[in-house]
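See below for the structure under consideration.
In my numbering, the protein residues as written are 1069 to 1406.
Rendered as structure tokens:
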């Protein structure tokens, strides 16, 4: 099969690469429909990652958040026309380590080519059937990241009833984490904390919300999820450490390019438990799909963080989508018509 991959060769330079791909009998071909641009994609596209990293990674096909339609399959479960979410994590050597933490695994859009292709060849284990393909369903990857964090969190916290939970971050991940956690722990008090008051206004489903510089002195919480990332994660984590109750649990989801300073002295004094989280597994995606089925109003909430949908029919449209994404408060989605 002759396929076309749209590769970033240097910052802001995307070219077509024609690839003669062999398709095994047990593999599935998926035509992408919606692709979501994330901060990691932008770091590659804008060239803001370390030069050594860029030299090692590029050329690279971007995007790890995507849904699509099966266009070829010999599997009765995935008939032609079936809508699927594509999983970016490709498990390497099977072991007791969860696949998203296994060093032998590859991740699309980072250690191997992502979904910005005419067609994507997938193993059955890297697709999950979905009942609907609305634009908001493309957020299943971000949702799966939250479920990965909850999987680790619930192994530590066995009784969360009537607790106070803070979610730091007013971006797309913070919004999705707040939504899922509020629905999952409905009898808990959910507090959203961010930098931008206008963005926090979208968090209509939480119990309280504050900007990080105006948290009342009497506000404390039992558990926290950090969804900030970047250099901003330093102030977020230190704010969590200051305001969380002793022996609290802190779930870290934000990715920072550079080392940050945190108040480890207070971590020790309070006996805090810090959990690191990254990416997700097949089961996390399955939990995200099940969540949408259980709470169909989720898609209505997710529509609030679709800042723009760009109809992509050419490389110039791809560049336009990445440019617009830098000006949008939340997510830019590419409708893949190229």
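The C-beta atom is built at its ideal place from N, Cα and C for all residues, glycine as well. All values derive from a computational prediction rather than experimental measurement.
Report task. Sort 1287, 1261, 1266, 1298 by Cα distance to residue 1280 and report the nearest one. Result -> Numbered from 1 along the chain shown, position 212 holds the residue referred to as residue 1280. Answer by Cα proximity: 1261.
Query raised in the report: What span of residues does the beta strand (DSSP E) with residue 1403 cover, start to end?
Result: In the chain shown, counting from the first residue as 1, residue 1403 sits at position 335. Counted as a single uninterrupted DSSP element, the beta strand (DSSP E) harbouring residue 1403 occupies residues 1399-1404.
Query raised in the report: Name the DSSP bridge partner or partners of residue 1278?
Result: Position 210 of the chain shown holds residue 1278. BP columns for residue 1278 point to 1261.
Query raised in the report: When you compare each of 1158, 1292, 1241 to residue 1258 by their alpha carbons, which one comes out closest?
Result: Taking the first residue of the chain shown as position 1, residue 1258 is located at position 190. Measuring from the Cα of residue 1258, the nearest candidate turns out to be 1292.
**Report entry** Range of the contiguous alpha helix (DSSP H) that encloses residue 1208
**Finding:** Along the chain shown, one-based indexing puts residue 1208 at 140. Element bounds for residue 1208: 1208-1224.
Query raised in the report: Going straight from the alpha carbon of residue 1313 to that of residue 1098, what length do you get?
Result: Taking the first residue of the chain shown as 1, we reach residue 1313 at position 245. Taking the first residue of the chain shown as 1, we reach residue 1098 at position 30. The alpha-carbon atoms of residue 1313 and residue 1098 are separated by roughly 47 Å.
Query raised in the report: Using CA coordinates, which residue listed in 1234, 1144, 1177, 1078 is at the minimum distance from residue 1310?
Result: Indexing the chain shown from 1 puts residue 1310 at position 242. When only C-alpha atoms are compared, the closest one is 1234.
**Report entry** residue 1136 - partner residues in DSSP beta bridges
**Finding:** In the chain shown, residue 1136 corresponds to position 68, counting from 1. Bridge partners of residue 1136: 1100, 1152.
Report task. Report yes or no: do three or more beta-carbon pairs, one from the region 1207-1215 and one from the region 1350-1365, lie closer than 8 Å? Result -> yes
Query raised in the report: Given a threshold of 16 other Cβ atoms within 10 Å of its Cβ, counted over all protein chains shown, does residue 1322 qualify as buried or as exposed?
Result: Position 254 of the chain shown, counting from 1, holds the residue named residue 1322. Buried, by the Cβ-count rule.
Query raised in the report: Can residue 1345 and residue 1319 be called in contact, C-beta distance under 9 Å?
Result: Against the chain shown, residue 1345 aligns to sequence position 277. Against the chain shown, residue 1319 aligns to sequence position 251. In this structure, the beta-carbon distance from residue 1345 to residue 1319 falls below 9 Å.
Requested in this report: Determine the DSSP secondary structure at residue 1299, reduced to helix, strand or coil.
Outcome: Translated into positions along the chain shown, residue 1299 becomes position 231. Three-state DSSP puts residue 1299 in coil, outside helix and strand.
Query raised in the report: CA-CA distance, residue 1171 and residue 1299?
Result: Walking along the chain shown from the start, residue 1171 turns up at place 103. Walking along the chain shown from the start, residue 1299 turns up at place 231. Approximately 25 Å between the Cα atoms of the pair.
Query - Secondary structure, alpha helix (DSSP H): runs of 4+ residues fully inside the region 1286-1347 - result: 1300-1311, 1332-1338
Report task. Name the two residues that bound the continuous beta strand (DSSP E) containing residue 1375. Result -> Position 307 of the chain shown, counted from the first residue, corresponds to residue 1375. Bounds of the beta strand (DSSP E) holding residue 1375 are 1374-1380.
Requested in this report: Could you tell me if residue 1181 is buried or exposed, where buried requires 16 or more neighbouring beta carbons within 10 angstroms of its beta carbon?
Outcome: The residue labelled residue 1181 in the question sits at position 113 within the chain shown. Buried.
Query raised in the report: Under three-state DSSP, which class holds residue 1363?
Result: Residue numbering aside, residue 1363 sits at position 295 when the chain shown is read from its first letter. Residue 1363: coil per DSSP, three-state reduction.
Query raised in the report: Is DSSP giving residue 1268 helix, strand or coil here?
Result: Residue numbering aside, residue 1268 sits at position 200 when the chain shown is read from its first letter. Looking at residue 1268 - three-state DSSP - the assignment turns out to be helix.
Query raised in the report: For residue 1131, which three-state DSSP category applies?
Result: Taking the chain shown and counting its residues from 1, the one referred to as residue 1131 is at position 63. Taken through DSSP and simplified to helix, strand or coil, residue 1131 comes out as coil.
**Report entry** Segment contact flag, the region 1141-1152 with the region 1194-1201, C-beta cutoff 8 Å, min 3 pairs
**Finding:** yes
Query raised in the report: Along the chain, where does the beta strand (DSSP E) that runs through residue 1078 open and close?
Result: Start at 1 with the first residue of the chain shown, and residue 1078 comes out as number 10. Unbroken beta strand (DSSP E) run through residue 1078: 1070-1078.
Query raised in the report: Which residues bound the alpha helix (DSSP H) around residue 1169?
Result: One-based indexing of the chain shown puts residue 1169 at position 101. First-last for residue 1169: undefined, no H or E at that position.
Query raised in the report: Going by Cα to Cα distance, which pick from 1130, 1220, 1102, 1094 is closest to residue 1081?
Result: Taking the first residue of the chain shown as position 1, residue 1081 is located at position 13. Among 1130, 1220, 1102, 1094, the Cα nearest to that of residue 1081 is on 1130.
Query raised in the report: CA-CA distance, residue 1094 and residue 1155?
Result: What you label residue 1094 is simply residue 26 of the chain shown in a count that begins at 1. What you label residue 1155 is simply residue 87 of the chain shown in a count that begins at 1. Residue 1094 and residue 1155: Cα-Cα distance of roughly 17 Å.
Requested in this report: Indicate whether the contact test is met: 3 or more Cβ pairs, each with one atom in the region 1370-1381 and one in the region 1394-1404, closer than 8 Å.
Outcome: yes
Query raised in the report: residue 1138 and residue 1070: beta carbons closer than 9 Å?
Result: The count along the chain shown starts at 1 and reaches residue 1138 at position 70. The count along the chain shown starts at 1 and reaches residue 1070 at position 2. Their beta carbons are not under 9 Å apart, which means residue 1138 does not touch residue 1070 by this criterion.
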